[in-house]
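Note that the sequence shown covers residues 897 to 1150 in our numbering. Cβ coordinates follow ideal geometry from the N, Cα and C atoms, glycine included.
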Amino acid sequence: MASRLENSNNAKLIDWVRSVPASVSLASAMLGFEVPLRVIGAKGSREDLMDAGHVLADLMWMSLRLTGASLEVHGLEHVSSRERYVVLANHQGFSDVPVLSTTLRAIQPRYVAKRELGRGWPSVSYLLQASGSAIIDRKHPREAIAEIERLGRQAKRERWSVAIFPEGTRAKDGKPKAWKHGGVKALLDTTGPCLVLPVSMWGGSKLFAYGGLPFQANVHMGIRVHPAVESPGPDEDFDAWLEAQRETVAAGLP
């Protein structure tokens, strides 16, 4: 808490000015979608729920744009709606899900998300739970792996794409961190064979540089989708394969 207060003391007037409409818009979108999402989840199909979720993601990104944030997108030609992917992305912060959901709308990814997002966040928590995404608690690795395996099997059966953040926690300074192997291996072991889509994202850590409100104004963000690769074969060195994907993602950052 003290570090957050110290960080917010470094904020500029423009950060606060832009954060007021952005935070009001973001809260309105998340609160306003909670009941409609639950109605769709109860009476509609899961596809209907995902479509509504992408509308929410669009509104969330539009809200973040009120801070002056911009987004450059590269590599969408590497994404096909006919394929099923495991998306390996670096972790920047809360903006990752709306950015990925908006950019990768064609494949409607489910997520491996931390427990904190699975409760207490209007619309977002319900959508993660009802869409079939995996909600994991890093303090309980055995249960977390079991939940990832559950998602992997369901994704294979339902032909879903899944996004996972192998860093585990967001990089507060935006710099690449070491990747954890267990979750990725559990996912690929249960959902493969499928294509793997390395994705580089940047700018999200700057948007949340103060640890909460205010947002940092006028942040330039970006996402780069790299060419898909095959998932590792049974005789392939998994650690070496995953390190190659980490290097690809790191090399795609500005």
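Annotated as distal: Leu1013 and Ser1019, with beta-carbon spacing of 8 Å or more.
The beta carbons of Trp957 and Thr998 sit about 5 Å from each other, so the pair counts as a contact at 8 Å. Just measuring C-alpha positions, the residue of Leu945, Leu1084, Leu909 sitting nearest Gln1025 is Leu945. With a cutoff of 8 Å on beta-carbon distance, Ala923 and Tyr1007 are scored as not near each other. Residue environment: Ser1029 is assigned as buried (16 or more neighbouring CB atoms within 10 Å of its CB, all protein chains considered). Per DSSP, reduced to three states, the secondary structure at Ser1096 is strand.
In the three-state reduction of the DSSP assignment, Gly928 falls in the helix class. At a Cβ-Cβ threshold of 8 Å, Leu1084 and Ser919 do not count as neighbours. Ala938 and Ser1027 have their alpha carbons spaced roughly 12 Å apart.
Distance from Phe1104 to Phe990 at the Cβ level is roughly 6 Å; contact confirmed, criterion being Cβ atoms closer than 8 Å. Bounds of the beta strand (DSSP E) holding Arg1006 are 1006 to 1010. Cβ contact annotation for Arg1001 (same chain, cutoff 7 Å, sequence separation greater than five): His950, in chain order.
Between Ser1096 and Arg1120, the C-beta spacing is below 8 Å. Here Gly1129 is exposed. Its C-beta has fewer than 16 other C-beta atoms within 10 Å.
Here DSSP, grouped into helix, strand and coil, assigns Glu1132 to coil. Ser915 sits close to Phe1111, with the two beta carbons spaced by under 8 Å. Asn906 is classed as exposed because its beta carbon has fewer than 16 other beta carbons within 10 Å across all chains shown.
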